[in-house]
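All residue numbers for the sequence shown refer to UniProt numbering, where the first residue is 1 and numbers rise by one. Think of the CB as a built atom: it goes at the ideal place given N, C-alpha and C, for glycine as much as any other residue. Here is the structure we will look at.
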Amino acid sequence: MEADARTSIAHDFRNMLQVVSSSVQVARRHLIDRSDRELAETLDGALEALERANYLARRLGSPGFLTEPEPVLIQSLVPSLRRLLSRALGDAIWLQTLVSEDLPPVLCNRHQLEDVFLNLAVNARAAMPDGGAFIIEARACVPHAHSQGCVAISFTDTGMGMTPEVAAQAFERRFTTKLSEGNSGLGLYNVRQFANGLGGSADIISTHKNGTCIRLHLPGS
């Protein structure tokens, strides 16, 4: 169990580094033809991602990092992550957020939930090499048994989508469509494990060449 958790964090750490890499690439492109203020904001995004990456590294040595639940308001979390998610997606992908204001809190580890958002943004970027849109929507849903409400969160991209065969395996532990070394394919597995651990669920709707939607249903507290 502990080994799986450490592998999960290593995967998230690589995602953080990808955000940093993206920010640095933007800085290079804008270095000559943009103002110093815009360049400074881009570099600030890189520093923010580095800080979060350092936090993840510290968590590797913390035996209690999985047992720190707190009530998290999705309507507050999403705006706080917008800048980081935009950096992860890159300039060519438009980020849209549609979040209801009357959502019940979700009792969870806030940092693990943030990692879910980042994982899915990084996946969306890989699915849209030529650009597109990534839409995050959160709304109230029919409560799970014994819960104080329910939050449904969907993550939709306009990318290449998946074939039925790929979609059927997407949540498996080490499944990946990436062939390069170092890609563990654990992103969606971790997403489902997180949702299931809260008593919720995760599912996928995807059509080849017509985008993908990952849906989470999380019990409120």
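With a threshold of 8 Å on Cβ separation, who are the neighbours of V142 within its own chain once the five nearest residues in sequence on each side are excluded? C150
In its own chain, which residues sit with a C-beta less than 8 Å from the C-beta of S221, not counting the 5 before and 5 after it? P71, P104, P105, V106, L107, S147, Q148
How long is the line joining the alpha carbons of S180 and Q18, rounded to whole angstroms? Confidence in S180 is poor, its pLDDT being 41 and thus under 50, which makes the residue's placement too unreliable to answer from.
May I ask you to report which of helix, strand or coil DSSP gives V99? strand
Compare the beta carbon distance of V78 and F194 with 8 Å and say whether it is the shorter of the two. no
Endpoints, the alpha helix (DSSP H) within which residue 222 is located: Since the displayed the chain opens at 1 and closes at 221, residue 222 lies outside it and no answer follows.
Report the option in L73, L39, N15 whose CA atom is closest to the CA atom of L218. L73
Using the C-alpha atoms, what's the distance from E165 back to T212? 14 Å
Which same chain residues end up closer than 6 Å to A133 when comparing Cβ atoms and leaving out the 5 residues on each side of it in sequence? W94, T158
In three-state terms, what does DSSP make of V142? coil
Would you report the Cα separation of H111 and Q75, rounded to the nearest angstrom? 15 Å
Name the one or two DSSP bridge partners that P219 has. C150
Cut-off 7 Å between Cβ atoms - residues of its own chain near N15, not counting five sequence neighbours on either side: L118, N119, V122
Could you give the first and the last residue of the continuous beta strand (DSSP E) run that contains A202? 201-206
From A92 to V26, what distance separates their C-alpha atoms? 11 Å
Near residue 243, what residues of its chain come up, given a Cβ to Cβ distance below 6 Å and the 5 sequence neighbours on each side ignored? Within the shown structure, residues of the chain are numbered from 1 to 221, placing residue 243 beyond reach of any answer.
Residues in its own chain within less than 7 Å of H208 by CB, not counting five upstream and five downstream? G161, M162, T163
A49 by DSSP, collapsed to three states: which one? helix
Based on Cα-Cα distance, which residue from E68, A124, S80, I205 lies nearest to G90? A124
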